[in-house]
Amino acid sequence: MNTPLTILGIAGSLRKASYNQAALRAAQELTPEGAKTEIFDLDGIPPFNQDQENPAPAAVAQFKARIRAADAILIATPEYNYSIPGVLKNAIDWASRPYGDSAWEGKPAAILGASPAANGTARAQYHLRQVFVYLNIHTLNKPEVMIGNVHQLFDQAGNLTDEKTKKNIRELVESLVKYTHQLERGRTAAGAEALR
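The numbering used here puts the first residue of the sequence shown at 2, with every later residue one more than the last.
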């Protein structure tokens with residue numbers, strides 16, 4: 002039996018009732034057969050301090066190990082002040098350090114976001130894509146999942162109840178799985194070609 006493809010889900014919010022945490026849990030439930038989504042909680046990652054990066058704090062070392070062990074990354078980001086939340090950017094920076102030891106290098110990734118606003122974190126997602134370019138993260142372009150008006154889509158327990166949003170998340174995760182396999186096949190073919 003083949004080992005399932007592992008997606009590491011990361012929410013850019015520490016709030017217990019976070020809609021982005023809830024969206025990640027929905028993605029976990031909607032992950033297709035042959036893959037699994039695990040969720041890493043950023044609570045406990047300290048503010049970045051270059052003086053402490055080598056050796057890294059235990060929580061950061063664990064975070065980097067989980068990124069490296071995953072086949073793909075799924076980020077659920079809120080939008081704060083038209084951009085990426087500080088807690089998410091802080092974690093991204095930690096996992097990219099020290100220079101030359103980035104855990105993000107070459108990882109396939111997908112982005113979604115949930116917000117009370119109608120645009121569903123569009124600006125934050127585009128800013129996150131800019132960051133991913135520098136980190137050489139291979140970000141899935143489509144589908145884009147921007148979950149707006151969240152109060153109408155989740156119940157009070159944080160369960161996603163909207164079928165259209167479930168469909169969109171399912172398609173995103175399925176596309177990420179397919180994209181990850183495509184990248185892996187490309188790397189295998191390039192490796193074989195290099196050995197000729």
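Glycine included, C-beta positions come from ideal geometry on N, C-alpha and C.
Scanning the segment 126-164 for uninterrupted beta strand (DSSP E) segments of 3 residues or longer gives 146-148, listed from N- to C-terminal end. In the DSSP annotation of this structure, the continuous segment of the beta strand (DSSP E) that includes G10 starts and ends at 6-12. By the Cβ rule, the segment 48-59 does not count as touching the segment 3-12, because fewer than three pairs are nearer than 8 Å. Only residues of its own chain outside the window of five on either side were considered, and among them P109, L141 have a CB closer than 6 Å to the CB of Y180, listed in chain order.
Residue pairing of T38 in beta bridges, as defined by DSSP: I8. The residues P117, in chain order, have a CB closer than 8 Å to that of H152 in the same chain once the five nearest residues on each side in sequence are set aside. The Cβ neighbour count for D42, taken over all protein chains shown within 10 Å, is under 16; the residue is labelled exposed. Counted as a single uninterrupted DSSP element, the alpha helix (DSSP H) harbouring A70 occupies residues 59-70. Listed as beta-bridge partners of S84 by DSSP are Y81. In the three-state reduction of the DSSP assignment, A118 falls in the coil class, being assigned neither a helical nor a strand state.
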